[in-house]
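Protein chains in written order, with my numbering: chain A, 1 to 172; chain B, 1001 to 1172.
There are 2 protein chains.
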Amino acid sequence: MTTDVERARERVIDALARSADIYGLKQSYGRLYGTLYFAEEPLSLDELAEQSGYAKSTVSTAMSTLRRFHLVRRLSMPGEGKRAFFEAERDLWRVSREFLAQEVSREVNVMVEALGEAEAVLEGADGERAARDLERVRQLKRTYEHADRLVSALSRVPLDRLTDAVERFTPE
Amino acid sequence: MTTDVERARERVIDALARSADIYGLKQSYGRLYGTLYFAEEPLSLDELAEQSGYAKSTVSTAMSTLRRFHLVRRLSMPGEGKRAFFEAERDLWRVSREFLAQEVSREVNVMVEALGEAEAVLEGADGERAARDLERVRQLKRTYEHADRLVSALSRVPLDRLTDAVERFTPE
DNA sequence: CAGAATATTCGGTATATGCCGAATATGCTC
DNA sequence: GAGCATATTCGGCATATACCGAATATTCTG
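Written out as structure tokens, the structure is:
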């Protein structure tokens, strides 16, 4: 029997699958996150496999990825032997902050480093082309340095305060 | 002959390919963007294919994707017949803003809509489970509504002012 | 520390993706 | 609007990915 309540859930879970896809995760992972998001209590691998229809191995790897992105927490309960339980992180702003602080920040640093090295080389070179390249490298570097500051600030602000702050600084 | 200047360029282009990958674009697209970023003047499809080593068809589809993300502009020059030229958008904050305003905003709206519908259904349902689901749907909806405001504000602020604003609102 | 319960990893298969070259479509110029 | 130069689309091949079930590894309990 499929109730309205279940359909409502499914509707949201579909949207989560879609979002996962947009942000570069597998749709199945979005679905699994959704399943956990609505779960009454943390679920074991078997329960998740059962409820979602995916193989246990699929669920297992999904959990490890979702955990990397702080979308899911893994719990070991006392008296439950080796069995693990999984719980959705329901604060998505927290998830975003972690992502900014880890993934984006790392990416930005790699970029800044590459740009720094290129800048050093180009400062020592001459010719019109080197000069033009240097200018462009510096422009990119400025942007990335700003991005770095921004990311590290963002990852320390609660969502509501952030929204207020940004809106206050927005023209009209 | 491979000069230091060329190696410096390559270093940066590699980093751009890597970033493209992280953000869900093909590495080849990152490379092509990099090639355009450093190009002295806009390049034609043939020149890009030549310089990058990719087939012209690949470059063509790459350009249409990069254009969707506002990473590349397409120019038709007078007296050049059908030949098109491509130029990198070098202001990456502008690119990000466009992305927020279009892709993210759309995704957020889809989500808010799904959540709204689910909320409506759940408000009309009873039972413990419906009540719990309703609570969770509302939490998610609050976050997404904040995100919506945030995104639309962000896409109107220049990067330097934004950084300042956020840093000012950051504790310690 | 043996055994049972569970998690994780591995190998395989079906499907999707990246890229190519050839075929087709499009838009200038005269 | 014919002919030509160029862009875009299409079909195919090779590689990568998603998911599965079986095999292996891990961790708790007695």
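Cβ coordinates follow ideal geometry from the N, Cα and C atoms, glycine included.
Coil, strand or helix - residue i by DSSP
i: S1152(B); result: helix
i: F1069(B); result: coil
i: E87(A); result: strand
i: L25(A); result: coil
Span of the alpha helix (DSSP H), counted from its first residue to its last, around residue i
i: V1012(B); result: 1004-1022
i: E80(A); result: E80(A) -> no alpha helix (DSSP H), and no H or E assigned at all.
i: Q102(A); result: Element bounds for Q102(A): n/a, residue is neither H nor E.
i: A39(A); result: First-last for A39(A): undefined, no H or E at that position.
i: D1164(B); result: 1159-1168
i: D1046(B); result: 1045-1052
7 Å Cβ cutoff, residue i in contact with chain A
i: F1169(B); result: yes
i: V1059(B); result: no
i: E1107(B); result: yes
i: V1072(B); result: no
i: V1163(B); result: One point to set straight first is that residue 1163(B) is Thr, not Val, in the sequence displayed. Closer than 7 Å to some Cβ of chain A, the Cβ of T1163(B) qualifies, so yes.
i: V1157(B); result: yes
i: L1122(B); result: yes
i: M1111(B); result: yes
i: V979(B); result: Residue numbering for chain B in the displayed model covers 1001 to 1172; residue 979(B) lies beyond these limits and cannot be assessed.
i: L1092(B); result: yes
i: A1008(B); result: yes
i: A1130(B); result: yes
Residue i at chain B interface by Cβ criterion, 7 Å
i: I13(A); result: no
i: D4(A); result: yes
i: G24(A); result: yes
i: A118(A); result: yes
i: R142(A); result: no
i: D35(A); result: Just to set this straight, residue 35(A) is Thr in the shown sequence, not Asp. So, not an interface residue.
i: S19(A); result: yes
i: A88(A); result: no
i: L48(A); result: no
i: L150(A); result: yes
i: L43(A); result: no
i: A153(A); result: yes
Contact check, residue i vs residue j, beta carbons under 7 Å
i: A1114(B); j: R11(A); result: yes
i: A1088(B); j: V1112(B); result: no
i: M1077(B); j: F1086(B); result: no
i: D4(A); j: A1125(B); result: yes
i: G1030(B); j: A1039(B); result: no
i: T1035(B); j: Q1051(B); result: yes
Near the ligand MN: residue i beta-carbon under 6 Å from a heavy atom
i: E1113(B); result: Judged by which ligands are present, the structure shown has none, so any question about the ligand MN falls away.
- Query: Below 8 Å, can you find three or more Cβ-Cβ pairs linking the stretch 1036-1051 of chain B to the stretch 150-163 of chain A?
  - Reply: no
- Segment contact, 8 Å Cβ cut-off, at least three pairs: the stretch 57-77 of chain A with the stretch 104-111 of chain A: no
- Task: Taking 8 Å as the threshold, find out whether the stretch 130-144 of chain A comes into contact with the stretch 1115-1135 of chain B through three or more Cβ pairs.
- Result: no
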